[in-house]
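Just below is one structure, and these are the notes that go with it.
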Amino acid sequence: MSCARVPIVAPPTRTRTGGLTLVELLVGLAIGSVLIGLGAPAWQDQLERRRLEGGLQHLRSELQLLRLDAVARQQTLRLGFGEGPGLGSCFVSHTGPGGACTCNPADGSLHCSPGAQALRSQHWPAAGKVALSSNVASLAVSPLLGTLSPSATLKLVDSRGRELRAVLSVMGRVRSCQAGGRALPGHPAC
Numbered sequence: 001m002s003c004a005r006v007p008i009v010a011p012p013t014r015t016r017t018g019g020l021t022l023v024e025l026l027v028g029l030a031i032g033s034v035l036i037g038l039g040a041p042a043w044q045d046q047l048e049r050r051r052l053e054g055g056l057q058h059l060r061s062e063l064q065l066l067r068l069d070a071v072a073r074q075q076t077l078r079l080g081f082g083e084g085p086g087l088g089s090c091f092v093s094h095t096g097p098g099g100a101c102t103c104n105p106a107d108g109s110l111h112c113s114p115g116a117q118a119l120r121s122q123h124w125p126a127a128g129k130v131a132l133s134s135n136v137a138s139l140a141v142s143p144l145l146g147t148l149s150p151s152a153t154l155k156l157v158d159s160r161g162r163e164l165r166a167v168l169s170v171m172g173r174v175r176s177c178q179a180g181g182r183a184l185p186g187h188p189a190c
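Quick note: the sequence shown uses my numbering, first residue 1, plus one each step.
In structure tokens form, the structure reads like this:
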């Protein structure tokens, strides 16, 4: 009896195809999570700073436009402010006497007495990141030279306590500065 030898064949080797192992995927996710966790607060800080600066620029633009409108219409125009704790803040530019148009700080709705007309308004909700306050209830803009009466200080404060002020002179010049809270590069101290 003869014994036939059967050749031993090695099992086929697996060749690695493209893709990730579970360990590689988890390491990548962990690194990505750490990077996002480090970058998110800086992103949020930058976003809130831009909201604050945008609000200041909006106020500047509104004041300049109101001055131009007053001279063009040859009519005294007004800028009225509305604010309340926990309600939000707003402003409304309008014709007529002081207080003829008011804005509701809770929802930004406008109410004008007969003969007055609202021109433009802006509302900052209480849940928002920026709040406006003013040391005067209303500003008048003269149609002769576009001067403001009285001079005023408008404050914009974000949720982190950073405060930008717009100091308005009688001649209509708007000077901005920062007060309190954290520093805002590019704005001088008040």
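Glycine included, each C-beta is placed from N, C-alpha and C at the ideal position.
Nothing here was measured: the structure is a model prediction, and the numbers come from that model.
Three-state class that DSSP yields for residue i in the structure shown
i, result
"G108", "coil"
"A166", "strand"
"G99", "coil"
"R67", "helix"
"P125", "strand"
"L119", "strand"
"G18", "coil"
"A159", "Checking the sequence, you will find Ser at residue 159 rather than Ala. In the structure shown, S159 sits in coil (DSSP, three-state: anything other than H, G, I, E or B)."
"G88", "strand"
"Q57", "helix"
"V34", "helix"
"A152", "strand"
"R50", "helix"
Residue i burial status per 10 Å Cβ neighbour count (16 or more: buried)
i, result
"L59", "buried"
"A40", "exposed"
"H94", "buried"
"H188", "The sequence given here has Pro at residue 188, not His. When all chains shown are included, P188 counts as exposed."
Length of the line joining the Cα atoms of residue i and residue j
i, j, result
"G146", "V174", "13 Å"
"G180", "A116", "38 Å"
"G84", "V71", "32 Å"
"L184", "R162", "8 Å"
"R120", "A126", "20 Å"
"G32", "A152", "49 Å"
"L25", "V34", "14 Å"
"E62", "K129", "20 Å"
"L29", "D45", "25 Å"
Pair within 7 Å by beta-carbon distance, residue i and residue j
i, j, result
"L56", "L156", "yes"
"L164", "L52", "yes"
"P150", "V167", "no"
"Q122", "F81", "no"
"L79", "L66", "yes"
"A131", "S113", "no"
Chain D within 7 Å of residue i, Cβ atoms only
i, result
"P41", "The structure shown contains no chain D; it is built from a single protein chain."
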